[in-house]
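Residue numbers (the working numbering): 4 to 692. We treat Cβ as the ideally placed atom computed from N, Cα and C, and that holds for glycine. Read through the structure below, which is laid out as structure tokens, and then see the notes.
Now the structure itself:
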């Protein structure tokens, strides 16, 4: 995004809008979340970097240069603050401190004040590149430079300078012996410090080359030994999965980390469980055991003095409090306490080729598969009629897709090859219990003022699964008559104020890039629903519906935080009513990825409560699966997701991020079902019975 930001800055330099914030995401899809994709590798950029870092090169050290806010230290340097994430080799943390000390020494040697280490950024962060690399036995380091106003100098008064994490006051301490006292701050100041932060560790490593290389070996060897001796010896990924294609994608993501994965060619029994042929095994006795532990093992974020403030309130983790991809993706993984002795062969990238097997009545596609929706979208594009089963009948389950026997086999074979989906034989036509589905007209709301990363990720996900959609901005909503043009409108996670009011201080934003559709836009959305449209909201975007559309539902966690309720990026256990068209294909037991800003729903007493359908409900106890949860009782037995009938339409409120960063494959279907035509009321009643 450097070119985008530079072009934007150059366009407005010398005007009243000089240094105005970019109105859109600087990565076409995901903005700054390109710094959150190292462990999932969804974007092509992440895959390129991971190929170099984790498989081809495996460097001894890695530095990620960033910028931070303007009113604290001038540059953050390694090592990280507390807490650190365990399971890395101790040498990797020592190396970060070693390199960081050399960076800071070089800056103070040249009288460049304001460098700090062991503060601001904790060692337990997101699994972007600089925070995942330590578990690859690479000294993964971060620098954060204080920002100017893009390229415009910024004047900072001494009383504007503030402390931060493990810098309780802006004054000298052992990790901050040379504070900057304020004044003009230029891009040149940033560049000078970043140059030193780049070349000083190169200087140090080159002078200690043999030691650095020897310790690269030591870290890998010791981690392998720890994996062989640890409590968990392996993680087993059974072949029998709710969505085996998604399980295969998870295996490929592990391979993308350079992790060795093995596959069983035949059935075997381990620790009393029978595993079928095709089961994958990930041994912990390998150099990347630290990566494996955090991607596949259940995680509990620390709750101690490092993660609480002086008043005992929890301090938000830098990002998520778990990064377990098996939980995000809805894939069953079993920890093994003993080494697996079954015959195994090393696995390579999985490229499933779907099959097409003709039946006398046509074909059926399993609606439990995420990729079934991709296949259906491709069939829509090819003009192939598709129906969806609303009832259990003859081996067909509600949510399965039905294709007629007269479909062009070459089209089906191409779709099967592209998606990995099987077109299985159908021996008897389901008749009226399967209803025709048509491609829906989907609108995805997008605002200015920096863009919305949740919108960008949703856009990326829709394109990845071959959905046709339209980007909706304020002007489209304000045109009205939305139902004439769209069937479904999606509001990604965002505050109501940002959608309705826009930037609270528009004076620094060029007029053509100001957002906020106002009360007229709210009215247009309400009319859209009343006239039969479906409005989908994620997380805090639900405030628009709750506050403005007079629904018999309230957010049970509004205004509740800290010790009363706290779930900063956790996976929470919920039960799904999978008998409804909004939830077809889901397992009954699922995990919600709940972040700050999420919502939990309860119905307001009254006659209109009959219009509310609870689609997913948090358990009554033991709700946390991984991460950090305080105040469990606040959400126990309350709804994670509701559908509210209003007029002739529906408002679907998903209180968590079902599509978060395109990582939460286990709940994608909650969005995909909302984007699919639903059966008539009579068919739905028959299916539920």
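(message) To the nearest angstrom, how far is the alpha carbon of residue 609 from that of residue 555?
(response) As the crow flies, the alpha-carbon of residue 609 is around 8 Å from that of residue 555.
(message) Check for me: the alpha helix (DSSP H) holding residue 195 runs from which residue to which?
(response) It spans 190-210 - the alpha helix (DSSP H) in which residue 195 sits, taken as one unbroken run.
(request) Check residue 516 in the structure and name its three-state DSSP category. (result) In the three-state scheme derived from DSSP, where H, G and I count as helix and E and B as strand, residue 516 is classed as helix.
(request) Pull up the distance between the alpha-carbon of residue 410 and that of residue 387, whole angstroms please. (result) Looking at the two C-alpha atoms, the distance is approximately 7 Å.
(message) Considering only DSSP beta bridges, list what residue 653 is partnered with.
(response) Answer is 537 and 648, bridged to residue 653.
(request) Using only alpha-carbon positions, find the residue among 418, 498 and 345 that is nearest to residue 279. (result) For residue 279, the nearest C-alpha among the options comes from 345.
(message) Using the three-state DSSP reduction, which class does residue 58 fall into: helix, strand or coil?
(response) Residue state, collapsed to three classes: helix.
(request) Go ahead and label residue 193 buried or exposed: buried means 16 or more other beta carbons lie within 10 angstroms of its beta carbon, across all protein chains shown. (result) Sixteen is the threshold: when 16 or more other Cβ atoms of the shown chains lie within 10 Å of the Cβ of residue 193, as they do, the residue is buried.
(message) Could you check whether the Cβ of residue 46 sits closer than 8 Å to any Cβ belonging to chain C?
(response) Absent from the structure: chain C. Only one protein chain is present.
(request) Kindly indicate the opening and closing residues of the beta strand (DSSP E) around residue 144. (result) Residue 144 -> beta strand (DSSP E) spans 142-149.
(request) Report the rounded CA-to-CA distance for residue 343 versus residue 237, giving the unit in angstroms. (result) Roughly 7 Å between the two C-alpha positions.
(request) Check whether the segment 593-612 touches the segment 624-642, taking contact to mean three or more Cβ pairs, one atom from each stretch, closer than 8 Å. (result) The segment 593-612 is in contact with the segment 624-642.
(message) What would DSSP say about residue 186, mapped onto helix, strand or coil?
(response) In the structure shown, residue 186 sits in a strand (DSSP, three-state: E or B).
(message) Assess contact between the segment 468-483 and the segment 538-546, defined as three or more Cβ pairs (one per stretch) separated by less than 8 Å. Is contact present?
(response) The answer is no - the segment 538-546 does not touch the segment 468-483, with fewer than three Cβ pairs under 8 Å.
(message) Only counting the same chain, and skipping five residues up and downstream in sequence, which positions put a Cβ closer than 7 Å to that of residue 87?
(response) For residue 87, where only same-chain residues beyond five positions count, the Cβ hits under 7 Å are 96, 126 and 127.
(request) With DSSP collapsed to three states, give me the class of residue 614. (result) Note: residue 614 maps to helix in three-state DSSP.
(request) Would you mind giving the Cβ-Cβ distance between residue 620 and residue 578, rounded to the nearest angstrom? I have them listed as a contact below 8 Å. (result) Contact between residue 620 and residue 578 holds: their C-beta atoms lie close to 5 Å from each other, under 8 Å.
(request) Give the DSSP-derived three-state secondary structure of residue 383 in the structure shown. (result) Looking at residue 383 - three-state DSSP - the assignment turns out to be helix.
(message) Rounded to the nearest angstrom, what separates residue 534 and residue 451 at their Cα positions?
(response) Computed Cα separation, rounded: 28 Å.
(request) Classify residue 28 as helix, strand or coil using the three-state DSSP reduction. (result) Reduced to three states, the DSSP call for residue 28 is coil.
(message) Classify residue 93: buried if its beta carbon has 16 or more other beta carbons within 10 angstroms, exposed otherwise.
(response) Exposed, since its Cβ has fewer than 16 Cβ neighbours within 10 Å.
(request) Taking the CB atoms as reference points, tell me whether residue 320 and residue 309 lie closer together than 8 Å. (result) No, the Cβ-Cβ distance between residue 320 and residue 309 is not below 8 Å.
(message) Quick check on residue 631: buried or exposed, where buried means 16 or more other Cβ atoms within 10 Å of its Cβ?
(response) So residue 631 counts as buried.
(request) Tell me whether residue 558 sits in a helix, a strand or coil according to DSSP, three-state version. (result) Under the three-state reduction of DSSP, residue 558 is assigned to strand.
(message) Taking 8 Å as the threshold (C-beta atoms), are residue 66 and residue 200 in contact?
(response) Contact: yes.
(request) Can you tell me which of 445, 500, 258 and 62 puts its alpha carbon nearest to the alpha carbon of residue 218? (result) Nearest of 445, 500, 258 and 62 to residue 218, Cα basis: 62.
(request) Leaving aside the five residues before and after residue 42 along the sequence, list all residues of the same chain whose C-beta is less than 7 Å from its C-beta, in chain order. (result) Cβ contact annotation for residue 42 (same chain, cutoff 7 Å, sequence separation greater than five): 130, 135, 298, 326 and 328, in chain order.
(request) Helix, strand or coil for residue 3, going by three-state DSSP, please let me know. (result) Given a span of 4 to 692 for the chain in the structure shown, any question on residue 3 remains unanswerable.
(message) Please tell me whether residue 121 and residue 71 are closer than 8 Å, where the distance is taken between their beta carbons.
(response) Their beta carbons are not under 8 Å apart, which means residue 121 does not touch residue 71 by this criterion.
(message) Please report the straight-line C-alpha distance between residue 221 and residue 292, rounded to a whole angstrom.
(response) Spanning the two alpha carbons is a distance of roughly 14 Å.
(request) Rounded to whole angstroms, what's the CA-CA distance from residue 569 to residue 495? Just pull it up for me. (result) About 22 Å.
(message) So within the segment 369-446, which uninterrupted beta strand (DSSP E) runs reach at least 3 residues, ignoring any that extend past its ends?
(response) Runs of the beta strand (DSSP E) spanning 3 or more residues and lying entirely within the segment 369-446 occur at 389-392, 404-406 and 437-440, in chain order.
(request) Give me the Cα-Cα distance between residue 522 and residue 503, rounded to the nearest whole angstrom. (result) Looking at the two C-alpha atoms, the distance is approximately 7 Å.
(request) Starting from the C-beta of residue 459, find all residues in its chain whose C-beta is less than 7 Å away, skip the five residues before and the five after it, and write them out in chain order. (result) Closer than 7 Å at the Cβ level, and outside the excluded window around residue 459, lie 28, 32, 33 and 34.
(request) Measure the alpha-carbon distance for residue 592 versus residue 245 and round it to whole angstroms. (result) Approximately 11 Å, taken between the alpha carbons.
(request) Give every residue of the same chain whose Cβ lies closer than 7 Å to the Cβ of residue 376, excluding the five residues on either side of it in the sequence, and list them in chain order. (result) Cβ within range, chain order: 468 and 675.
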